[in-house]
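**Q** Take this structure, written in structure tokens, and hold onto it; I'll ask about it next.
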Amino acid sequence: MRRMEEEDISSVVEIERLSYPNPWRDMTFRGEIYNQPVSFPFVIVHKYQKRIIGHIIFWCIKERAQINNIAIHPDFRRMGVAEAVMRKVLDQIKKAGAELVTLEVRPSNVAARSLYEKLGFEVLWVRQNYYSNPREDALIMGKFLSQ
Ligand SMILES: CC(C)(COP(=O)(O)OP(=O)(O)OC[C@H]1O[C@@H](n2cnc3c(N)ncnc32)[C@H](O)[C@@H]1OP(=O)(O)O)[C@@H](O)C(=O)NCCC(=O)NCCS
0 MRRMEEEDIS SVVEIERLSY PNPWRDMTFR GEIYNQPVSF PFVIVHKYQK
50 RIIGHIIFWC IKERAQINNI AIHPDFRRMG VAEAVMRKVL DQIKKAGAEL
100 VTLEVRPSNV AARSLYEKLG FEVLWVRQNY YSNPREDALI MGKFLSQ
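At position 139 of the sequence shown the residue is numbered 138 (numbering that gives the first Met the number 0), and the sequence of numbers has no breaks.
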């Protein structure tokens, strides 16, 4: 895992396109790269192939942290990559002093929900009709980090 740079954006946007009905655009990633010190955009690079196989973006603001995006290239899913990355990020967030980490997920996204539940996240509340294309509620999931 290393910090995302402008040259990474085309690979990241391609993984987005393969992962979401409403993918983030290159401008959004550029904004995250320069939104310091709030945003932490990282790419996941294959150790031997040296290619970008995923990305994660989270925000840390004092005692609150938010995971805004995690996506793994379809060719590298179900290999434990997202779980390893999330564990590393949760550790970093905890060391930075955050007490609560939250994220948003579609109820229909079984893969992501299972991942978050495995890591100890719980549904805190539901935001009605939050997503479009297709329209769906958002589950706001959270995990308290004991210091
Ligand atoms: C969700 C996502 C990031 C998971 O990445 P991944 O690297 O394949 O996940 P892992 O291999 O680390 O899996 C870890 C755990 O997640 C859960 N999981 C992952 N994929 C799953 C699937 N297709 N079905 C059910 N559970 C799944 C399982 O609990 C798994 O643990 P297990 O292997 O012991 O069963 C990936 O599917 C993805 O990029 N999806 C598209 C983007 C997305 O939806 N991001 C989340 C937005 S909220």
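Even for Gly, the Cβ is constructed at its ideal location relative to N, Cα and C.
(1) Does the beta-carbon of Tyr47 have 16 or more other beta-carbons within 10 angstroms, so that it is buried, or is it exposed?
(2) Figure out for me which residue from Lys94, Glu121, Arg24, Phe57 has the closest Cα to the Cα of Arg2.
(3) Just list the residues that DSSP pairs Arg2 with in beta bridges.
(4) Is the beta carbon of Ala137 within less than 7 Å of some heavy atom of ligand 1?
(5) At a cut-off of 7 Å, would you count Lys142 as near ligand 1, judging by its Cβ distance to the nearest heavy atom?
(6) Measuring only the C-alpha atoms, how far is Ser10 from Ile51?
(7) Which residue from Arg134, Val42, Ile43, Lys117 puts its Cα closest to that of Ser107?
(8) Could you check what DSSP says for Lys61 in three-state terms: helix, strand or coil?
(9) Would you identify the three-state DSSP class for Lys142, choosing helix, strand or coil?
(10) Please tell me whether, using a cut-off of 7 Å, the distance from the CB of Lys46 to the nearest non-hydrogen atom of ligand 1 is below it.
(11) Skipping 5 residues on each side, what residues in its chain have a beta carbon closer than 6 Å to that of Val12?
**A** Once the coordinates are examined:
(1) Here residue 47 corresponds to residue number 48 of the sequence shown, with the count starting at 1. Taking all protein chains in view, the Cβ of Tyr47 is surrounded by fewer than 16 other Cβ atoms within 10 Å, so the residue is classified as exposed.
(2) One-based indexing of the sequence shown puts residue 2 at position 3. Check the Cα spacing between Arg2 and each of Lys94, Glu121, Arg24, Phe57: the tightest is with Phe57.
(3) Here residue 2 is taken as the residue at index 3 of the sequence shown, counted from 1. According to DSSP, Arg2 bridges with Phe41.
(4) On the sequence shown, residue 137 is found 138 positions in, with the first residue counted as 1. Ala137 Cβ: outside cutoff for every heavy atom of ligand 1.
(5) Counting from 1 along the sequence shown, the entry for residue 142 is found at position 143. Judged by the Cβ position, Lys142 fails to qualify as a neighbour of ligand 1 at the 7 Å threshold, every heavy atom of the ligand being at least this far.
(6) Translated into positions along the sequence shown, residue 10 becomes position 11. Translated into positions along the sequence shown, residue 51 becomes position 52. In this structure, the CA atom of Ser10 is about 7 Å from the CA atom of Ile51.
(7) Here residue 107 corresponds to residue number 108 of the sequence shown, with the count starting at 1. The residue from Arg134, Val42, Ile43, Lys117 with its alpha-carbon nearest to that of Ser107 is Arg134.
(8) The residue labelled residue 61 in the question sits at position 62 within the sequence shown. Judged by DSSP in its simplified three-state form, Lys61 adopts coil rather than helix or strand.
(9) Locating residue 142 in the sequence shown gives position 143, counting from the first residue. Taken through DSSP and simplified to helix, strand or coil, Lys142 comes out as strand.
(10) One-based indexing of the sequence shown puts residue 46 at position 47. Outside the cutoff, so no.
(11) Numbered from 1 along the sequence shown, position 13 holds the residue referred to as residue 12. Counting only Cβ-Cβ distances below 6 Å, and skipping sequence neighbours, we find Asp25.
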